[in-house]
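Protein chains: 2
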Amino acid sequence: MTTEARPGPRERLLETAAVLSYQQGVGVGIEALCRTAGVSKRSMYQLFDSKDELLATSLERGASAFAASLLPAADDARGHRERVLHVFERLEAQAGAPGFRGCRYLAVQIELKNPDHPASRVARQVKEGLAEFFRAEAVAGGAGSPDLLARQLILVFDGGSARAGIGADHLAGLMTPTVRTLLDAAGMH
Amino acid sequence: MTTEARPGPRERLLETAAVLSYQQGVGVGIEALCRTAGVSKRSMYQLFDSKDELLATSLERGASAFAASLLPAADDARGHRERVLHVFERLEAQAGAPGFRGCRYLAVQIELKNPDHPASRVARQVKEGLAEFFRAEAVAGGAGSPDLLARQLILVFDGGSARAGIGADHLAGLMTPTVRTLLDAAGMH
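Each protein sequence line maps, in turn, to chains F and A. For the first sequence, my numbering begins at 24 and goes up steadily by one. For the second sequence, my numbering begins at 24 and goes up steadily by one.
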């Protein structure tokens with residue numbers, strides 16, 4: 024019989040910060056974070072300089088899972104249009120899952136209202152990665168104005184994620200026709 | 024010589040709540056609100072049941088100014104396409120002004136993460152008013168799928184306002200071509 028080791032305090036703090044900041048916002052208190060993670064405040068401050076650093080590190084740690092949950096696989100042989108549409112099909116599927124509150128990397132920046140906050144910097148970088156994916160596909164797919172198309176796609180992504188996150192739209196039947204229209208107008212193949 | 028009366032405590036609290044919650048988020052403390060408004064906490068609680076009620080009332084009070092800042096005048100004789108585009112030209116202009124942090128009615132809902140909060144209810148209602156404007160114009164303009172077009176337009180509005188609010192996009196050269204493409208695809212005249 025194998026026993027699974029309980030994650031250490033650093034791991035538990037990072038996971039708790041990810042979950043609670045997503046559910047409750049970045050204003051979640053240090054007491055709540057430490058209590059939920061089962062870590063003393065003293066230990067937390069030995070592991071992280073500040074709550075800001077804990078939050079930023081937890082966002083950074085989630086970046087690869089975020090990308091994996093949205094982007095097509097590297098060996099995905101479909102065309103560029105389909106690779107872009109894949110992201111929006113994934114977003115639509117995620118929006119339909121219970122507990123969805125929109126893109127955490129958008130919400131953090133809206134909540135913090137401070138582009139210099141370490142967590143805002145991480146969030147901005149992660150979303151720039153998504154915009155860069157759109158731009159690269161737009162170029163490779165022969166879009167007339169790849170920069171404009173990339174701005175449009177991330178705009179639709181953020182708008183969709185925000186509206187689904189607040190429960191204003193379920194996104195079903197919205198993402199695909201909207202993105203197709205923009206891809207068509209850009210002449211993307 | 025006329026003297027301008029200083030606004031009363033209720034007015035000062037509502038204005039302060041509008042300004043500080045927009046700049047700092049809905050987590051702004053009661054102490055900061057009262058101190059900035061120059062009103063004692065005791066007086067505040069005589070005027071409002073709670074900070075939630077103060078916040079909700081301040082959002083409600085701003086609703087007509089929000090609509091006036093975006094919608095075409097009632098006697099605006101331009102066509103339906105131009106009336107819709109007017110909203111996005113206004114958003115683009117607002118996004119270029121210093122201190123712009125995006126649509127407050129979107130931000131409040133993202134920050135509160137609770138659709139039953141009195142301020143979320145007000146915010147949702149205000150944005151439903153904007154969606155209703157888009158739907159009415161889409162119907163009057165002969166859009167093939169007015170419901171889809173209205174969802175697309177408010178999606179673009181929220182996406183643009185969110186991205187400009189966090190400084191990720193200045194919106195210049197983005198709003199008008201995006202909206203025109205969607206209006207064209209919907210066959211709206």
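Where a beta carbon is used, it is the ideal one built from N, C-alpha and C, also for glycine. Note that this is a predicted model, so its numbers are computed, not measured.
Query	Result
DSSP-derived helix/strand/coil call for leucine 194(A)	coil
Chain F contacts from the stretch 157 to 171 of chain A (Cβ-Cβ distance under 7 Å)	Leu171
Neighbour-count burial assignment, serine 87(F), 16 or more Cβ in a 10 Å radius	exposed
Minimum length 3: unbroken beta strand (DSSP E) runs contained in the stretch 141 to 165 of chain A	none
Distance between glycine 48(A) and alanine 163(F) (C-alpha atoms, nearest Å)	40 Å
Through-space distance from alanine 60(A) to arginine 12(A), alpha-carbon basis	Chain A is shown only over 24 to 212; residue 12(A) falls outside these bounds and no answer can be derived.
Environment of glutamine 69(F) [buried if 16+ CB atoms lie within 10 Å]	exposed
Test: phenylalanine 111(A) CB closer than 9 Å to a CB of chain F	no
Identity of the residue in Ile53(A), Ala90(A) and Arg124(A) nearest arginine 65(A) by Cα	Ile53(A)
Partners in chain A for tyrosine 204(F), counting only beta-carbon separations shorter than 7 Å	Reading off the sequence, residue 204(F) comes out as threonine, not tyrosine. Those are Thr204, Leu205 and Ala208, listed as they occur along chain A.
Methionine 67(A) to serine 81(A) span [Cα, whole Å]	14 Å
Within 8 Å of chain A by C-beta, residues of the stretch 107 to 131 of chain F in sequence order	Arg124, Gly125, Leu129 and Ala130
Cutoff 9 Å: alanine 55(A) Cβ touching any chain F Cβ	no
Separation of alanine 55(A) from glutamine 117(F), as counted between CA atoms	38 Å
Below-9 Å beta-carbon distance, leucine 94(F) vs any chain A residue	no
Per-residue DSSP class, three states only, for glycine 31(A)	coil
Cβ neighbour criterion (16 or more within 10 Å) applied to alanine 209(F)	buried
Spatial neighbours of leucine 94(A) in its chain, beta-carbon cut-off 7 Å, leaving aside the 5 residues before and after	Val110 and Phe156
Partners in chain A for arginine 174(F), counting only beta-carbon separations shorter than 7 Å	Asp192 and Leu197
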